[in-house]
Structure formats: structure tokens, C-alpha cells
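Student:
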Amino acid sequence: MKLIKYFLVSVLSVTVLVCCRGKEERKKEGFSYEEKTEESKKSVEEDVNNVVISGDDLMKFDKSEIRVKAGKKVKLTLRHTGKLDKNVMGHNFVLLKQGADLEEFAIEALNARATEYIPVDYEDQVIAHTKLIGGGETTTIEFEAPASGEYAFLCSFPGHYTMMNGKFIVD
């Protein structure tokens, strides 16, 4: 019985060694794991404004001001750090054009459940917006930074705009 155990352990060990050796050879032959150079990382980072903003179950964004550079792409990630479902405590990020009335937009959004609280009649006042997300979810959008200036952002879920809003500043 002991002989069979030793035999099985030996066979298993040889199998593991052979499998591992095969993977290493494939790495050498066909695929490179080289990291991007610092120069290529910088050029990508310089062309994109990366923004991460979080909302929670207490109806608060973790940022009330966002600064980006004009003429660059904006990659905005919205995280819902809470636990409640989007039907109860949904969050989105809506960036309005200059001159748009934040309160008027938010009031119209109350009746826009079918379009995730982005009122169809006011879409021309929106630069960009995320989809509506619930607790534990994340969403990302990309858009071109608007012209230099100050813009308003908000969560358009009913009632949230009073606490979940801020300034989006383009330098």
C-alpha cells in the first residue's frame, strides 16, 4: 500500500514539473511580458484626464470639485461604494453645459425614470453622463474635455442633486 502511495506521489510530482516547464517555454517563445516604458506611459497619461469619483448610500460624492486640462480626453470612473440597489439609491454622474440650470434639470429628471433620470427634453444641456448604478457597481465613460471654464455636475437620481453636485473646472 505504501508503495502505491509513493508511486502516485512521484507520478504527480513529475506531471507538475513537466507542465510548469512547458508554460515557461511558451512564455519565452511567443509572448513578451515586458512592461511599457516610462516614456510610453507618460504619453498616454498626458493625453488623458483620469478622474475617479465615488458616491455612497449617504447621498454624497467624495469630490465636490474636479479639475481637468482642456483639449484632453476625460476618462471618468464612477464608483458606488454603498450597498443599496440602484432603484433605491442609484447614482449617476451628469456634466451640464455652461449656463444650464442645475435645479431645473434636476426637477425635470424626477420624471425621467425610463431614461435613467436624464430628461429627454434637456439632453442638449448635457455634455456627458454615466449610466445609473447601484451599490458595489462601477461605470466608466470617456469624453472630450469641454472648453476652459467652470461647469456643474450632479447626480440626477430624484432628490440627490441637493447633496451630490459640484464644480467641474477645465483649465
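Just so it is clear: in the sequence shown, position 17 is 17 by UniProt numbering, and no numbers are missing. Even for Gly, the Cβ is constructed at its ideal location relative to N, Cα and C.
#1: From residue 117 to residue 104, what does the alpha carbon distance come to, in whole angstroms?
#2: Quick check on DSSP: helix, strand or coil for residue 105?
#3: Tell me whether residue 156 is buried or exposed, calling it buried when 16 or more other Cβ atoms sit within 10 Å of its Cβ.
#4: Near residue 140, which residues of its chain fall below 6 Å by C-beta distance, leaving aside the five closest residues on each side in sequence?
#5: Mapping DSSP to helix, strand and coil, what is residue 116?
#6: Report the partner residues of residue 160 according to the DSSP bridge assignment.
#7: Give a yes or no on whether the C-beta atoms belonging to residue 167 and residue 144 are separated by under 8 Å.
#8: Taking the alpha carbon of residue 60 as the reference point, which residue from 51, 49, 81 and 71 has its own alpha carbon closest?
#9: From the DSSP output, in three-state form, read off residue 97 for me.
#10: Within this structure, are the beta carbons of residue 244 and residue 152 separated by less than 8 Å?
#11: For residue 66, is the classification buried or exposed, using 16 other Cβ atoms within 10 angstroms of its Cβ as the cut-off for buried?
#12: Starting from residue 73 and walking both ways along the beta strand (DSSP E), at which residues does that stretch end?
#13: Could you have a look at residue 50 and say whether DSSP puts it in helix, strand or coil?
Tutor: To lay it out plainly:
#1: 13 Å
#2: helix
#3: buried
#4: 77
#5: coil
#6: DSSP, once it has assigned bridges, lists no residue as partnering residue 160.
#7: no
#8: 81
#9: coil
#10: Only positions 1 to 171 of the chain appear in the structure, and residue 244 is not among them; the question remains open.
#11: buried
#12: 73–80
#13: strand
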